[in-house]
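Working notes for the structure below.
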Ligand SMILES: Cc1ncc(C[n+]2csc(CCOP(=O)(O)OP(=O)(O)O)c2C)c(N)n1
Ligand code: SF4
Ligand SMILES: [Mg+2]
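Protein chains in written order, with this note's numbering: chain A, 586 to 946; chain U, 539 to 1157.
Spelled out as structure tokens, the structure:
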């Protein structure tokens, strides 16, 4: 294992790349396994986007690892011809932490669902994010437990009628973006299964980020929660509701007279006002690299179940030391200080300790 | 030297007891180190409360450390002390019951105040009311002499008082003719940055020694001759330290990095502490958010080719169950250390028990066999760690190493090995496809097994051409593709079991000097010492008894059934309600007789000797 004490800056630093004369195609990343999601499932689009994107990333295929939990989403690794592990419910971030920490030369991705990541695996998710392990976490949010056939999830809306909430759910949902920001995540983004271009751009930004990246992907489950994101998928509705986050730019939705923009209200909170009448001095510009997460957090709270305004894109991307680099550099420094890797003698010295005695006859 | 008489003893058991804040563990450790350096054989057992500082001077706050040393082989920390050092009334009250009449009591008279006596329900002062007539009592004002000895020092009274454990150590060192140089250099290391405290501790140590030499109340000092031992260099070591070093050595001999994922829990945390300080040996420690994440990180690292290790105690093993099951399905090497403590639930965190055996064997969903190994002594923890790694990496399986609280904190002398003599644990990492597909192209079959070990290839990410997916859904043998085929599942369940059953483990060895004993006494784990000592006692009294010890619990040694069937009676002491007995009865249809106790303490050898006699008589 090579160790770079100068703390690498890119998510893919240290991962072997293809040579100049080598190239990979989508086919190289497609395994021989038959894909078994329901027809029309949003997971297909995400898989296609990933298979299209990975060749462009330029990394050696054998140095890419996908680790998933359990759920429909979690079948993802089987369909990619990289190394992969379909693990157990909720635990993928923990397993990925061990792998990424011990292997700097791997690009490690976690695929998880809203139930997998936020119910049973909530603890591992927040700790992976706060540690800032160099792993990319793709959270397929269909606001439902798909694999277990349609119970409400921690992202289901209050009132959602599901198999296990016949009278409507009374559970207050999480907003995954708010949760991730609260957990000290250094990279948080939201994108959508059906917007291939946006999805690909977001995956690329996540891959390049060094540290934990949380990408929430709105994913339609046509079987158990069809149309959950219809309002933001319909072309006309979408442009009126979706606010694309562009660094340095105002945060806006809609066209012409209907255009609205995010402003800072008199009390300091964020609000949405018609662009035509908004006080230009109060118009908020997106600051993706802001070390203070409060504006990103406020943006994540603008949204509500009616999708009146939905910020999409990268909420936050800041550089801070990663856990795995920190761990590796301590080990490397200790070995370095000792004058190189331990030989038999060094180990014997350890075993001997300070108090030994000898029996010679 | 002193004009006092010296007597030679063949063995001594000393118990240091005091308040948790009195430094009894440290005093015991140092006395042990002095004793070890004299070449006595020895065994130790600390006993401390779960609370960091229970209310001062109360019974729950008593902490003790027992040391047994002798001029011959020592197998246990001693059934009962010969000498009790009691730093306060609570320590006396809590331990007097274990001290046979005639034994020596050294008590800090200063601490026997009205208030302290009342705290533990002594109506009058036992040091003065003659209730201790049957014991040899030395009431020494340890605290005030220590403070007086440190009169010149610019320290607070509290700081001076705190050195009284060194005074006691000095006194005991004089009594048993122990050298104090080792303790002096230890203190110099410990208080390197605090010259005043160092000087005070050294002065208290010397004052204690001088007190023994000059005062009239101690007329005799003792010596214990060296025990015959194999030639070599020795040190004293606890089970937890031996486990930590064992895994470092195993990774070194495997040529792979060691990655520990762990969450703190008594009595396993020491292993995490030790390994976190051994980065120089390429050791990575991940203190995870919980036990599930700890074992997850270890498994992730194992997938990447490292030696993946997780350490815990019973409640943590319960949390790790699902991930261990995943490792069974993935067929990856993984080592889980369970330092057993009293259960169920939180139970007795600082006390010992052997009640996780069935949890280790069967505590997972589905048929999920793993290898299980239990060290017999603190020193054996080192070898058991290497053995666990050998099995895990050779057979690509989880291995559970069952230690316990008494092994973890107990200590004994260890003849240091040459690293080059330790087993070679190198396993080859595959680099080439091992199969061809329908079209004749080379391909990688992740579940194509080694015909001898039934292990699948341990192909790690970063190896071109070996890309593959593993997972907890049932896999088709050879290809590793998801399979719901009934016959394949049946085959895989049986294959995983067959792989464990086929692990190469040494035969169990029977120790029977008579050659025709009819009773076999069997043990596993930390009961080795008391059982072996009990057999020795019985044989010395003319009884014929055979003895054997199980180190491998899954799979059992191949000859175990024959051994069990060869005796009229098999007696099995366990610190649980008969868990191994249940397994042996089920597997071998032998009417194993259980002897069980779950008092949080190791068996005494006299207790086991009585059990042996009862069974001999019953035949
Ligand atoms: C320990 C455990 N508990 C429960 C389950 C059952 N289970 C499987 S997937 C799942 C929910 C998955 O929901 P989500 O993560 O949203 O994934 P989706 O299927 O919607 O993609 C549950 C409860 C399980 N496999 N393991
Ligand atoms: S149940 Fe829903 S999420 Fe699962 S595969 Fe079917 S459509 Fe997709
Ligand atoms: Mg879901």
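All residues carry an ideal CB built from backbone N, CA and C; glycine is no exception.
For this session: Ignore the nearest five residues each way along the sequence and tell me which others in residue 543 (chain U)'s own chain have a CB closer than 6 Å to its CB.
Result: Within the second chain, residue 543 (chain U) is the residue found at index 5, counting from 1. So the list reads 758, once near-sequence residues are dropped.
Exercise. If you measure from the beta carbon of residue 642 (chain A) to each beta carbon in chain U, is any gap under 8 Å?
Worked result: Taking the first chain and counting its residues from 1, the one referred to as residue 642 (chain A) is at position 57. For residue 642 (chain A), no CB of chain U lies under 8 Å from its own CB, so it is not counted at the interface with that chain.
Problem set entry | Any chain U beta carbon closer than 8 Å to residue 915 (chain A) | Within the first chain, residue 915 (chain A) is the residue found at index 330, counting from 1. Judged by the 8 Å Cβ criterion, residue 915 (chain A) is in contact with chain U.
Problem set entry | Stretch-stretch touch, CB-based, cutoff 8 Å, three pairs: the segment 890-909 of chain U with the segment 739-754 of chain U | Touching, no.
Exercise. Got a sec: is the Cβ-Cβ distance from residue 539 (chain U) to anything in chain A below 8 Å?
Worked result: Walking along the second chain from the start, residue 539 (chain U) turns up at place 1. Residue placement at residue 539 (chain U) cannot be trusted, given a pLDDT of 47 that sits under 50; the coordinates are not used to answer.
For this session: Give a yes or no on whether 8 Å exceeds the smallest Cβ distance from residue 779 (chain A) to chain U.
Result: Counting from 1 along the first chain, the entry for residue 779 (chain A) is found at position 194. Chain U, which has no Cβ nearer than 8 Å to the Cβ of residue 779 (chain A), makes this no.
Problem set entry | CB of residue 1143 (chain U) within 8 Å of CB of residue 614 (chain U), strictly | By one-based count along the second chain, residue 1143 (chain U) stands at place 605. By one-based count along the second chain, residue 614 (chain U) stands at place 76. Result yes, Cβ atoms of residue 1143 (chain U) and residue 614 (chain U) sit closer than 8 Å.
Exercise. So is residue 1162 (chain U) in contact with chain A if we call contact Cβ pairs under 8 Å?
Worked result: One cannot answer for residue 1162 (chain U) here, as it falls past the ends of chain U, which runs 539 to 1157.
Problem set entry | Sequence-distant residues of the same chain with beta carbon closer than 8 Å to residue 932 (chain A), five excluded per side | For the purposes of this step, residue 932 (chain A) is taken as residue 347 along the first chain, with counting starting at 1. Nothing meets the Cβ criterion.
Exercise. Under a CB-based cut-off of 8 Å, is residue 708 (chain U) close to chain A?
Worked result: Along the second chain, one-based indexing puts residue 708 (chain U) at 170. At a cut-off of 8 Å, the C-beta of residue 708 (chain U) has no neighbouring C-beta in chain A.
Exercise. Count the other CB atoms within 10 Å of the CB of residue 877 (chain U); is the residue buried (16 or more) or exposed (fewer)?
Worked result: Stepping through the second chain from its first residue, residue 877 (chain U) is reached at position 339. With 16 or more other CB atoms across the displayed protein chains lying within 10 angstroms of its CB, residue 877 (chain U) is buried.
Exercise. Expressed to the nearest angstrom, what Euclidean distance is found between the alpha-carbon atoms of residue 845 (chain U) and residue 759 (chain A)?
Worked result: For the purposes of this step, residue 845 (chain U) is taken as the residue at position 307 of the second chain. For the purposes of this step, residue 759 (chain A) is taken as the residue at position 174 of the first chain. Taking the straight line joining both Cα atoms gives about 37 Å.
Problem set entry | Within chain A, the residues that residue 771 (chain U) reaches when beta carbons sit closer than 9 Å | Working through the second chain from its first residue, we reach residue 771 (chain U) at position 233. Result: 937, 941, 942, 943, 944.
For this session: Can you give me the Cβ contacts of residue 681 (chain A) inside the same chain, cut-off strictly under 6 Å, excluding the 5 residues immediately before and after it?
Result: The residue you call residue 681 (chain A) lines up with position 96 of the first chain. Sequence-distant Cβ neighbours of residue 681 (chain A) in its own chain, meaning closer than 6 Å and more than five residues away, are 652, 693, 695, 720.
Problem set entry | Cβ neighbours of residue 762 (chain A) in the same chain (closer than 7 Å, five flanking residues each side left out) | Here residue 762 (chain A) is taken as the residue at index 177 of the first chain, counted from 1. Only 773, 775, 801, 885, 900 meet the Cβ criterion.
For this session: Spell out whether any CB of chain A is found under 8 Å from the CB atom of residue 783 (chain U).
Result: If you number the second chain from 1, residue 783 (chain U) lands on position 245. True, the Cβ-Cβ gap to chain A drops below 8 Å.
Exercise. What residue ranges within the segment 765-798 of chain U form continuous alpha helix (DSSP H) runs of no fewer than 4 residues, ordered along the chain?
Worked result: Runs found: 777-792.
Exercise. What residues in the segment 679-691 of chain A have a beta carbon less than 7 Å from any beta carbon of chain U?
Worked result: Across the segment 679-691 of chain A, CB contacts with chain U closer than 7 Å involve 679, 680, 681, 682, 683, 684, 686, 687, 688, 690, 691, in sequence order along the chain.
Exercise. Residue 864 (chain U) touches chain A at which residues, Cβ-Cβ below 7 Å?
Worked result: Along the second chain, one-based indexing puts residue 864 (chain U) at 326. Those within 7 Å of residue 864 (chain U) in chain A are 672, 673.
For this session: Return yes when at least one heavy atom of ligand 3 lies under 7 Å from the C-beta of residue 730 (chain A), else no.
Result: Looking up residue 730 (chain A) in the first chain gives position 145. Under cutoff, so the answer is yes.
Exercise. Mind pulling the beta strand (DSSP E) runs of 3 or more residues that sit fully within the segment 979-1062 of chain U?
Worked result: Runs found: 1007-1009, 1057-1062.
Problem set entry | Contact between the segment 825-833 of chain A and the segment 887-905 of chain A (3+ Cβ pairs under 8 Å) | Contact annotation: the segment 825-833 of chain A touches the segment 887-905 of chain A, with at least three C-beta pairs closer than 8 Å.
Exercise. Going along the chain, which residues of its own chain have a beta-carbon closer than 8 Å to the beta-carbon of residue 865 (chain A), five neighbours each way excluded?
Worked result: One-based indexing of the first chain puts residue 865 (chain A) at position 280. Cβ within range, chain order: n/a, list empty.
Problem set entry | Exposed unless 16 or more other CB atoms sit within 10 angstroms - verdict on residue 1162 (chain U) | Residue 1162 (chain U) is absent from the structure shown; chain U starts at 539 and stops at 1157.
Exercise. Within 10 angstroms of its Cβ, does residue 654 (chain A) collect 16 or more other Cβ (buried), or is it exposed?
Worked result: Translated into the one-based positions of the first chain, residue 654 (chain A) becomes position 69. Burial state of residue 654 (chain A) is buried, judged by a 10 Å Cβ sphere holding 16 or more other Cβ atoms.
Exercise. So what does DSSP say about residue 674 (chain U), is it helix, strand or coil?
Worked result: Here the question's residue 674 (chain U) lines up with position 136 in the second chain. Residue state, collapsed to three classes: strand.
For this session: Helix, strand or coil for residue 858 (chain A), going by three-state DSSP, please let me know.
Result: In the first chain, the residue the question calls residue 858 (chain A) occupies position 273. Note: residue 858 (chain A) maps to strand in three-state DSSP.
Problem set entry | 8 Å Cβ cutoff, residue 1094 (chain U) in contact with chain A | What you label residue 1094 (chain U) is simply residue 556 of the second chain in a count that begins at 1. Against chain A, the CB of residue 1094 (chain U) has no partner CB under 8 Å away; the residue lies outside that interface.
Problem set entry | Pairwise C-alpha distance: residue 914 (chain A) and residue 803 (chain U) | In the second chain, counting from the first residue as 1, residue 803 (chain U) sits at position 265. In the first chain, counting from the first residue as 1, residue 914 (chain A) sits at position 329. Cα-Cα distance, rounded: 27 Å.
For this session: In the DSSP assignment, find the alpha helix (DSSP H) that holds residue 898 (chain U) and state where it starts and stops.
Result: As a position in the second chain, residue 898 (chain U) is number 360, starting the count at 1. From DSSP, the alpha helix (DSSP H) with residue 898 (chain U) extends over 895-900.
Exercise. Would you say residue 837 (chain U) faces chain A, with C-beta separation under 8 Å as the test?
Worked result: As a working mapping, residue 837 (chain U) is identified with position 299 in the second chain. For residue 837 (chain U), the answer is yes, since a Cβ of chain A falls inside 8 Å of its Cβ.
Exercise. Do residue 825 (chain U) and residue 800 (chain U) have their C-beta atoms within less than 8 Å of each other?
Worked result: Numbered from its first residue, the second chain carries residue 825 (chain U) at position 287. Numbered from its first residue, the second chain carries residue 800 (chain U) at position 262. Yes.
Problem set entry | Residues of the segment 924-954 of chain U with Cβ closer than 7 Å to any Cβ of chain A, in chain order | 954: these are the residues of the segment 924-954 of chain U whose beta carbon lies less than 7 Å from some beta carbon of chain A, given in chain order.
Problem set entry | Reduced DSSP category for residue 662 (chain A) - H, G, I as helix; E, B as strand; rest coil | Counting from one through the first chain, the residue named residue 662 (chain A) turns up at place 77. Here residue 662 (chain A) carries a helix assignment [DSSP, helix/strand/coil].
Exercise. Quick one: does residue 841 (chain U) have its CB under 8 Å from some CB of chain A?
Worked result: Against the second chain, residue 841 (chain U) aligns to sequence position 303. At least one chain A Cβ lies under 8 Å of residue 841 (chain U).
For this session: Under 6 Å Cβ to Cβ from residue 942 (chain A), same chain only, skipping five residues before and after it: list those, please.
Result: Locating residue 942 (chain A) in the first chain gives position 357, counting from the first residue. Around residue 942 (chain A): no qualifying Cβ.
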